[in-house]
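Peer 1: In my numbering, each residue's number is its place in the sequence shown (first place is 1) plus 78.
All C-beta atoms, glycine included, are put in the ideal place defined by N, C-alpha and C.
Nothing here was measured: the structure is a model prediction, and the numbers come from that model.
I have a structure I would like to understand better, so I am pasting it below and will then ask my questions one at a time.
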Amino acid sequence: MNREEAIEQIKSLREELEQYNHEYHVLDQPSVSDYQYDMKMQELLKLEEAHPDLVTSDSPSQRVGGEPLDAFQKVQHTIPMLSLGNAFNEEELREFDRRVREGVDEDVSYVCELKIDGLAISLRYEDGVFTQGATRGDGTTGEDITQNLRTINSIPLRIKEEETIEVRGEAFMPHRSFIALNEAREESEEEPFANPRNAAAGSLRQLDPKIAASRNLDIFLYGVGQWDAGELESHSERLEYMQKLGFKTNPEWKKCPTIEDVITYVNTWTEARENLNYEIDGIVIKVDNLDQQEELGFTAKNPRWAVAYKFPAEEAITKITDIELSV
Ligand code: NAD
Numbered sequence: 079m080n081r082e083e084a085i086e087q088i089k090s091l092r093e094e095l096e097q098y099n100h101e102y103h104v105l106d107q108p109s110v111s112d113y114q115y116d117m118k119m120q121e122l123l124k125l126e127e128a129h130p131d132l133v134t135s136d137s138p139s140q141r142v143g144g145e146p147l148d149a150f151q152k153v154q155h156t157i158p159m160l161s162l163g164n165a166f167n168e169e170e171l172r173e174f175d176r177r178v179r180e181g182v183d184e185d186v187s188y189v190c191e192l193k194i195d196g197l198a199i200s201l202r203y204e205d206g207v208f209t210q211g212a213t214r215g216d217g218t219t220g221e222d223i224t225q226n227l228r229t230i231n232s233i234p235l236r237i238k239e240e241e242t243i244e245v246r247g248e249a250f251m252p253h254r255s256f257i258a259l260n261e262a263r264e265e266s267e268e269e270p271f272a273n274p275r276n277a278a279a280g281s282l283r284q285l286d287p288k289i290a291a292s293r294n295l296d297i298f299l300y301g302v303g304q305w306d307a308g309e310l311e312s313h314s315e316r317l318e319y320m321q322k323l324g325f326k327t328n329p330e331w332k333k334c335p336t337i338e339d340v341i342t343y344v345n346t347w348t349e350a351r352e353n354l355n356y357e358i359d360g361i362v363i364k365v366d367n368l369d370q371q372e373e374l375g376f377t378a379k380n381p382r383w384a385v386a387y388k389f390p391a392e393e394a395i396t397k398i399t400d401i402e403l404s405v
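Quick look at the structure:
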């Protein structure tokens, strides 16, 4: 492809991806599958990599999420809520591991977690009391959905220590709630939700908290924003401490000392995911040591110390070692 063709193709991909982003993040009504979206994004990233001078800060490749809805009060995130870089096969996981090892001096160990397919949210506690809950929005500015989040029973309104902290996680709709909701919507001749993720996002962005309360949502917390709570050395210690404070963390996380262990975890969950009672769309791999995380730092959009492995499209599930991506 010559330069002129690349410019045209980049322009067209950006327009298409912006449209999909709006449908997904703002309207909660996607018109294409996540896999189709991800493949278009990969195409854009490859073209931008080949022509770095064409990268602009407003490209969908450089931006997180979508703009917050005006119906809600805006919340400025003191620490940005970023997205994650993606890996789609074993080779890309090994490439991530190589980059990490080049970036730090000592040996590296990982934590693997299920990638919950829901809505990223941030919860703020002041002196141990839940004061504010917000969506990720565009990463810098989110929506204040405190009243809706208060209806989720697994969110503690008070934690076990008088800490001032922000924890981050994924609000989601369990399969059972999703099926019941769509059955009820069909009976009342309302449009069913496309998937549990959109149903969760749509429920939490309702102005009337009674609607969110009726939707039986749940949450897993997996990270922190502002954190004044003691000296912990690793992500795994944080997960354990968060659980002690009373937060619901996902029990399936695992320490994986090598990339081989990571790949085994990925393969196990590629097959076992259908037994869960909630939707996951991949595995998140994080460097465990917090000093190493700091050393690796961030790009404009993603931490360099983590990656999201995305499961292949539903119909093509197989071990990642066998996958051939047709981009
Ligand atoms: P992402 O899905 O690649 O991953 C980042 C997100 O994963 C985090 O922000 C967090 O919310 C979530 N997450 C879940 N479990 C986690 C865990 N254990 N630890 C850390 N994070 C965890 O990126 P994104 O920015 O949230 O969304 C982009 C993705 O959304 C696309 O790759 C695509 O799959 C989908 N999308 C689809 C459409 C569409 O039209 N179908 C449009 C836009 C985006």
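Quick one: is the Cβ of residue 194 within less than 8 Å of any heavy atom of the ligand NAD?
Peer 2: The ligand NAD has a heavy atom closer than 8 Å to the beta-carbon of residue 194.
Peer 1: Select from 254, 134, 382 and 266 the residue whose C-alpha is nearest the C-alpha of residue 278.
Peer 2: 254
Peer 1: Near residue 92, what residues of its chain come up, given a Cβ to Cβ distance below 8 Å and the 5 sequence neighbours on each side ignored?
Peer 2: 122, 137 and 138
Peer 1: Apply the 10 Å Cβ neighbour rule to residue 320 and answer buried if 16 or more other Cβ atoms are within range, or exposed otherwise.
Peer 2: buried
Peer 1: Given this structure, state the Cα-to-Cα distance separating residue 135 from residue 141, to the nearest angstrom.
Peer 2: 8 Å
Peer 1: Using CA coordinates, which residue listed in 188, 100, 184 and 132 is at the minimum distance from residue 336?
Peer 2: 188
Peer 1: Thinking C-beta only, is residue 99 closer than 9 Å to residue 163?
Peer 2: Between residue 163 and residue 99, the C-beta spacing is not below 9 Å.
Peer 1: What is the DSSP secondary structure of residue 312, counted as helix, strand or coil?
Peer 2: Of the three classes helix, strand and coil, the one that applies to residue 312 here is strand, per DSSP.
Peer 1: Can you name, in chain order, every residue of its own chain whose Cβ lies under 6 Å from the Cβ of residue 301, other than the five neighbours on each side?
Peer 2: 246
Peer 1: Using DSSP with H/G/I as helix, E/B as strand and the rest coil, what is residue 161?
Peer 2: Three-state DSSP puts residue 161 in coil, outside helix and strand.
Peer 1: Just confirm the distance between the C-beta atoms of residue 305 and residue 317, as a whole number of angstroms; I'd bet it's less than 8 Å.
Peer 2: Not confirmed; about 13 Å, so no contact.
Peer 1: Between residue 269 and residue 263, what straight-line distance do the alpha-carbon atoms span, to the nearest angstrom?
Peer 2: 7 Å
Peer 1: If the criterion is Cβ atoms closer than 9 Å, does the pair residue 230 and residue 286 meet it?
Peer 2: no
Peer 1: In chain order, what residues of the same chain lie with their CB nearer than 6 Å to the CB of residue 400, ignoring the 5 residues before and after it?
Peer 2: Low confidence applies to residue 400: its pLDDT is 45, below 50, so where it sits in the model is not reliable, and the reading given next is rough at best. Once the five neighbours on either side are set aside, residue 400 has no close Cβ partner at all.
Peer 1: Just checking residue 112 against the ligand NAD - is the residue's beta carbon closer than 8 Å to any of the ligand's heavy atoms?
Peer 2: yes
Peer 1: Tell me whether the beta-carbon of residue 160 lies closer than 9 Å to the beta-carbon of residue 84.
Peer 2: No, the Cβ-Cβ distance between residue 160 and residue 84 is not below 9 Å.
Peer 1: Grab the span of the beta strand (DSSP E) containing residue 85 for me, first residue to last.
Peer 2: Per DSSP, residue 85 belongs to no beta strand (DSSP E); it is in the alpha helix (DSSP H), 81-99.
Peer 1: What do you reckon, is the C-beta of residue 214 under 8 Å from a heavy atom of the ligand NAD?
Peer 2: yes
Peer 1: Any heavy atom of the ligand NAD closer than 8 Å to the Cβ of residue 301?
Peer 2: yes
Peer 1: How is the beta strand (DSSP E) around residue 177 delimited, first residue to last?
Peer 2: From DSSP, residue 177 is part of no beta strand (DSSP E) but of the alpha helix (DSSP H) over 168-181.
Peer 1: Rank 349, 267, 368 and 271 by C-alpha distance to the C-alpha of residue 361 and give the top, closest one.
Peer 2: Distance check between residue 361 and each of 349, 267, 368 and 271 places 349 closest, using alpha-carbon atoms only.
Peer 1: Helix, strand or coil for residue 305, going by three-state DSSP, please let me know.
Peer 2: strand
Peer 1: Below 8 Å, is the gap between the Cβ of residue 269 and the nearest heavy atom of the ligand NAD?
Peer 2: no
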